[in-house]
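Enquirer: Supplied in structure tokens, the structure appears directly below.
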């Protein structure tokens, strides 16, 4: 494989774009960070597609009513599943926070 040589005289190069940083996952817990049992009392809110978030615990995910469903591999998720178990970020965080309250 031959890599094209770039002349040092080439002045058309532009600066590299700035890295983009975005949050794609939140942990919602009723225990403080670092607590040894935190993972047992936490839910994850994870972005599954742009603007669509899942509320999860291990292999389960939750619908808007707090009902649990199994998180299939991506090829097994139909439109009905996505419509039921994907939420806006605000709704997902509220669902996760409300699920951990006594």
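Numbering (this note's numbering), first residue to last: 16 to 117. Glycine is no exception: its CB is placed at the ideal position from the N, C-alpha and C atoms.
In three-state terms, what does DSSP make of residue 1?
Expert: Residue 1 lies beyond the stretch modelled for the chain, which goes from 16 to 117, so this question has no answer here.
Enquirer: Under the rule that 16 or more other beta-carbon atoms within 10 Å means buried, what is residue 48, buried or exposed?
Expert: As a position in the chain shown, residue 48 is number 33, starting the count at 1. Looking at its Cβ environment, which holds fewer than 16 other Cβ atoms inside 10 Å, residue 48 is exposed.
Enquirer: Need the endpoints of the alpha helix (DSSP H) that residue 70 sits in, please.
Expert: As a working note, residue 70 is residue 55 in the chain shown. Unbroken run through residue 70 is the beta strand (DSSP E), 67 to 72; no alpha helix (DSSP H).
Enquirer: Identify whether residue 104 lies in helix, strand or coil by the three-state DSSP scheme.
Expert: The residue labelled residue 104 in the question sits at position 89 within the chain shown. Helix, per DSSP.
Enquirer: Evaluate residue 115 with the Cβ neighbour count: other Cβ atoms within 10 Å of its Cβ, from every protein chain shown; 16 or more gives buried, anything less gives exposed.
Expert: Locating residue 115 in the chain shown gives position 100, where the first residue counts as 1. It is exposed - the Cβ of residue 115 has fewer than 16 other Cβ atoms within 10 Å.
Enquirer: Compare the beta carbon distance of residue 41 and residue 108 with 8 Å and say whether it is the shorter of the two.
Expert: Taking the chain shown and counting its residues from 1, one reaches residue 41 at position 26. Taking the chain shown and counting its residues from 1, one reaches residue 108 at position 93. Closer than 8 Å, so yes.
Enquirer: Would you kindly report the start and end of the unbroken beta strand (DSSP E) that includes residue 44?
Expert: By one-based count along the chain shown, residue 44 stands at place 29. First-last of the beta strand (DSSP E) with residue 44: 40 to 44.
Enquirer: For residue 85, count the other beta carbons within 10 Å of its own beta carbon; 16 or more makes it buried, fewer makes it exposed. Which is it?
Expert: To locate residue 85, count along the chain shown from 1; it is residue 70. Classification for residue 85: exposed.
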